[in-house]
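S.K.: Structure in structure tokens, see below.
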Amino acid sequence: MSAETRPLYLDYQATTPVDQRVMEAMTPFFTEAFGNPHSTSHAYGWEARDAVEDARQQIAKMINADPREVVFTSGATESNNMAIKGVARFFEGRKGHMIAPVTEHKCVLESLKYAQKLGYEITWLPVAADGLIDPDDIKAAIRDDTALVSVMHVNNEIGTIQPVAEIGAICREKGAYFHTDAAQAAGKTAIDVQDMNVDLMSLSAHKMYGPMGIGALYVRRKPRVRLEPLMDGGGQERTMRSGTLPAPLVVGFGKAAGIVTDERDTETTRIRDFRDRLLKGLQQRVPDLYVNGSMEHRIAGNLSVGFKGIDSEALMDALKERVAISSGSACTSAAVEPSYVLRALGLSDEDAHASVRLCVGRMTAPDEIEVAIEAISEAVRTLRADGTRASVA
Ligand SMILES: *Cc1c(COP(=O)(O)O)cnc(C)c1O
Numbered sequence: 001m002s003a004e005t006r007p008l009y010l011d012y013q014a015t016t017p018v019d020q021r022v023m024e025a026m027t028p029f030f031t032e033a034f035g036n037p038h039s040t041s042h043a044y045g046w047e048a049r050d051a052v053e054d055a056r057q058q059i060a061k062m063i064n065a066d067p068r069e070v071v072f073t074s075g076a077t078e079s080n081n082m083a084i085k086g087v088a089r090f091f092e093g094r095k096g097h098m099i100a101p102v103t104e105h106k107c108v109l110e111s112l113k114y115a116q117k118l119g120y121e122i123t124w125l126p127v128a129a130d131g132l133i134d135p136d137d138i139k140a141a142i143r144d145d146t147a148l149v150s151v152m153h154v155n156n157e158i159g160t161i162q163p164v165a166e167i168g169a170i171c172r173e174k175g176a177y178f179h180t181d182a183a184q185a186a187g188k189t190a191i192d193v194q195d196m197n198v199d200l201m202s203l204s205a206h207k208m209y210g211p212m213g214i215g216a217l218y219v220r221r222k223p224r225v226r227l228e229p230l231m232d233g234g235g236q237e238r239t240m241r242s243g244t245l246p247a248p249l250v251v252g253f254g255k256a257a258g259i260v261t262d263e264r265d266t267e268t269t270r271i272r273d274f275r276d277r278l279l280k281g282l283q284q285r286v287p288d289l290y291v292n293g294s295m296e297h298r299i300a301g302n303l304s305v306g307f308k309g310i311d312s313e314a315l316m317d318a319l320k321e322r323v324a325i326s327s328g329s330a331c332t333s334a335a336v337e338p339s340y341v342l343r344a345l346g347l348s349d350e351d352a353h354a355s356v357r358l359c360v361g362r363m364t365a366p367d368e369i370e371v372a373i374e375a376i377s378e379a380v381r382t383l384r385a386d387g388t389r390a391s392v393a
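In our numbering, the protein residues as written are 1 to 393.
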């Protein structure tokens, strides 16, 4: 695939390109400044360590945390595993309950099933038709032996923003830890772990214009969060996550966080304008279109839309040379089952199957919106006409 034949990219929630400035910040740490950040006996190590600590500060600043509360991991999958399994193992036999909505990312759901095997009872919360959970449901479900409540900040399929600050306040009052998967929130909405009463927060660099393979888990120090590490070894990251830190990736993640802190507001305005034009353009050209999830409590770049009667697989196939989109989560898109997130909103199998996720991002150019509107509306019209012919024949 060459630059000329590449389709335009509307799948920014699957991953994002690395920002050129991030690339430039990382490069020297692959070649000249290649030291092991844990080498304490020479300048190569010190140089890498200083760069890692600088990155840690930038990430802490982005979420209003103390740098000592940022633990680097390989990504949000690891961070989610570490938070949920780590707390489950620490409190095994002493606490017995966890809470999460049914619309969480697979890696959260699977980690909770691990906790279940350890003996924890899990309360699976339903969501409303707009994708949001009701904090009163948490209030009703939370118990004295609730070890952890896990609610993702921004949903990866429908872009909805959960009321995390209200949930955090409930958890704090009851003495349960509050974990949030913020992989899709960082860079797209304000994050403040103090205001939100978050105890554990998962982040991923490649969802915010940083490199793949690096992420972080925020672990609160006051009041201190206790968890068992997943990785044992050299005791790096204050013994919470052993293993050599990939200094170039850490530096890239830090740079990406710095850009977010400086530019999020202006970027959000531009991206929202693009997304709104995309929706309006599609609404004008194709009938029977529906938006999944709350439009009000939603990140600027996301549009989860369904086209009545369409098969999303056929739509993606028809568009494959022109526009890169997906039907939701990249992790499950190999499966042909309808999205469990859309089903949880109350959509029928058919309507869930007719939905796609369109996502605008930092590198989206204004003229790409027009191209996408034309390509998608044309493909939908063609598929519908074919469908009608098929049912007539
Ligand atoms: C992408 C994503 C993950 C997984 O992150 P990786 O860094 O790719 O492991 C977890 N949760 C959410 C909400 C995501 O969007």
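Backbone N, C-alpha and C define an ideal beta-carbon position, used for all residues, glycine too.
#1: Using CA atoms only, rank isn't needed, just tell me which of GLN284, PRO211, MET98 is closest to LEU118.
#2: Going along the chain, which unbroken runs of the alpha helix (DSSP H) with 4 or more residues stay wholly within the stretch 284 to 325?
#3: According to DSSP, what are the bridge partners of ARG357?
#4: Mind checking which residues open and close the alpha helix (DSSP H) that includes VAL164?
#5: If you check the beta carbons only, do PRO67 and VAL52 fall under 8 angstroms apart?
#6: If contact is defined by three or more beta carbon pairs under 8 angstroms, each pair taking one atom from either stretch, is the stretch 269 to 279 in contact with the stretch 238 to 255?
#7: Is the distance from the Cβ of LEU279 to the Cβ of ILE369 below 8 angstroms?
#8: Cβ of LYS207 versus every heavy atom of ligand 1: is any distance shorter than 7 angstroms?
#9: Does the pairing of the stretch 160 to 170 with the stretch 108 to 125 give three or more beta-carbon distances under 8 angstroms?
#10: What did DSSP end up calling GLU104 once you bin it into helix, strand or coil?
#11: At a threshold of 7 angstroms, does HIS297 count as lining ligand 1 (C-beta to nearest heavy atom)?
#12: What do you reckon, is the C-beta of GLN194 under 7 angstroms from a heavy atom of ligand 1?
#13: For GLY281, which residues in the same chain have their Cβ closer than 6 angstroms to its Cβ, ignoring the five residues on either side in sequence?
#14: Straight-line CA distance for SER333 to HIS153?
#15: Ligand 1 and CYS359: does the residue's C-beta get closer than 7 angstroms to at least one heavy atom of that ligand?
#16: Any chance you could list the alpha helix (DSSP H) runs of at least 4 consecutive residues sitting entirely within the stretch 219 to 297, in chain order?
#17: Just to confirm before moving on: does the CB-CB distance between GLU69 and TYR218 stay below 8 angstroms?
#18: Please name the residue, chosen from ASN292, ARG238, PRO287, ILE84, that lies closest to ASN155 on a Cα-to-Cα basis.
#19: Around the Cβ of HIS206, are there at least 16 other Cβ atoms within 10 angstroms (buried) or fewer (exposed)?
#20: Please report how far the alpha carbon of ASP54 lies from the alpha carbon of ASP317, in whole angstroms.
#21: Specify, as a first and last residue, the run of the alpha helix (DSSP H) that LEU132 falls within.
#22: Near ligand 1, which residues have their beta-carbon closer than 5 angstroms to a heavy atom?
#23: Please state whether the Cβ-Cβ distance between SER204 and ALA185 is less than 8 angstroms.
#24: Taking the C-alpha atoms as reference points, what is the distance between VAL305 and SER312?
#25: Around the Cβ of GLU24, are there at least 16 other Cβ atoms within 10 angstroms (buried) or fewer (exposed)?
#26: So is LYS95 buried or exposed if we call it buried at 16+ other beta carbons inside 10 Å?
#27: Output the distance between the C-alpha atoms of LEU319 and PRO126, rounded to the nearest integer angstrom.
#28: Can you tell me whether DSSP reads ALA443 as helix, strand or coil?
M.R.: This is what the structure gives:
#1: If you number the sequence shown from 1, residue 118 lands on position 118. Answer by Cα proximity: MET98.
#2: You should have 312 to 319.
#3: Along the sequence shown, read from residue 1 onward, the residue named residue 357 stands at position 357. Note: ARG357 sits in a beta bridge opposite SER304, SER326.
#4: In the sequence shown, counting from the first residue as 1, residue 164 sits at position 164. Segment 164 to 174, the alpha helix (DSSP H) holding VAL164.
#5: Along the sequence shown, read from residue 1 onward, the residue named residue 67 stands at position 67. Along the sequence shown, read from residue 1 onward, the residue named residue 52 stands at position 52. No, the pair does not count as a contact, with Cβ atoms beyond the cut-off.
#6: The stretch 238 to 255 is not in contact with the stretch 269 to 279.
#7: For the purposes of this step, residue 279 is taken as the residue at position 279 of the sequence shown. For the purposes of this step, residue 369 is taken as the residue at position 369 of the sequence shown. The answer is no: Cβ separation not under 8 angstroms.
#8: For the purposes of this step, residue 207 is identified with residue 207 of the sequence shown, where counting begins at 1. Checking every heavy atom of ligand 1 against the Cβ of LYS207, one is found closer than 7 angstroms.
#9: With a cut-off of 8 angstroms on Cβ pairs, the stretch 160 to 170 is not in contact with the stretch 108 to 125, counting fewer than three such pairs.
#10: Your numbering for residue 104 matches position 104 in the sequence shown. Three-state DSSP puts GLU104 in coil, outside helix and strand.
#11: For the purposes of this step, residue 297 is taken as the residue at position 297 of the sequence shown. HIS297: no, Cβ never under 7 angstroms from ligand 1.
#12: Locating residue 194 in the sequence shown gives position 194, where the first residue counts as 1. Not one heavy atom of ligand 1 lies closer than 7 angstroms to the C-beta of GLN194.
#13: One-based indexing of the sequence shown puts residue 281 at position 281. In its chain, beyond the 5 residues on either side, ILE373 have a beta carbon closer than 6 angstroms to the beta carbon of GLY281.
#14: The count along the sequence shown starts at 1 and reaches residue 333 at position 333. The count along the sequence shown starts at 1 and reaches residue 153 at position 153. The pLDDT assigned to SER333 is 49, lower than 50, so where the model puts this residue is not dependable; a value taken from the coordinates is nonetheless given after this. Spanning the two alpha carbons is a distance of roughly 22 angstroms.
#15: Reading the sequence shown from its first residue, position 359 is the one you call residue 359. No, since every heavy atom of ligand 1 falls outside the 7 angstroms radius drawn around the Cβ of CYS359.
#16: DSSP runs (the alpha helix (DSSP H)) wholly in the stretch 219 to 297: 247 to 285.
#17: For the purposes of this step, residue 69 is taken as residue 69 along the sequence shown, with counting starting at 1. For the purposes of this step, residue 218 is taken as residue 218 along the sequence shown, with counting starting at 1. GLU69 is a Cβ neighbour of TYR218, given a cutoff of 8 angstroms.
#18: Reading the sequence shown from its first residue, position 155 is the one you call residue 155. Answer by Cα proximity: ASN292.
#19: Sequence index remark: in the sequence shown, residue 206 carries index 206 (1-based). Buried: at least 16 other Cβ atoms inside 10 Å.
#20: Taking the first residue of the sequence shown as position 1, residue 54 is located at position 54. Taking the first residue of the sequence shown as position 1, residue 317 is located at position 317. Between ASP54 and ASP317, the C-alpha separation is close to 44 angstroms.
#21: If you number the sequence shown from 1, residue 132 lands on position 132. For LEU132, no alpha helix (DSSP H) run applies, since DSSP gives it neither H nor E.
#22: The set, ordered by position in the chain, is GLY75, ALA76, THR77, HIS105, ASN156, ASP181, ALA183, GLN184, SER204, GLY215.
#23: Sequence index remark: in the sequence shown, residue 204 carries index 204 (1-based). Sequence index remark: in the sequence shown, residue 185 carries index 185 (1-based). No.
#24: Counting from 1 along the sequence shown, the entry for residue 305 is found at position 305. Counting from 1 along the sequence shown, the entry for residue 312 is found at position 312. For VAL305 and SER312, the distance between alpha carbons rounds to 10 angstroms.
#25: For the purposes of this step, residue 24 is taken as residue 24 along the sequence shown, with counting starting at 1. Per the 10 Å Cβ criterion, exposed.
#26: Here residue 95 refers to the residue found at position 95 when the sequence shown is read from its first residue. Under this definition LYS95 is a buried residue.
#27: By 1-based counting over the sequence shown, the position of residue 319 is 319. By 1-based counting over the sequence shown, the position of residue 126 is 126. Rounded to the nearest angstrom, the two C-alpha atoms are 34 angstroms apart.
#28: Any answer about residue 443 is impossible in this case: the structure gives the chain only from 1 up to 393.
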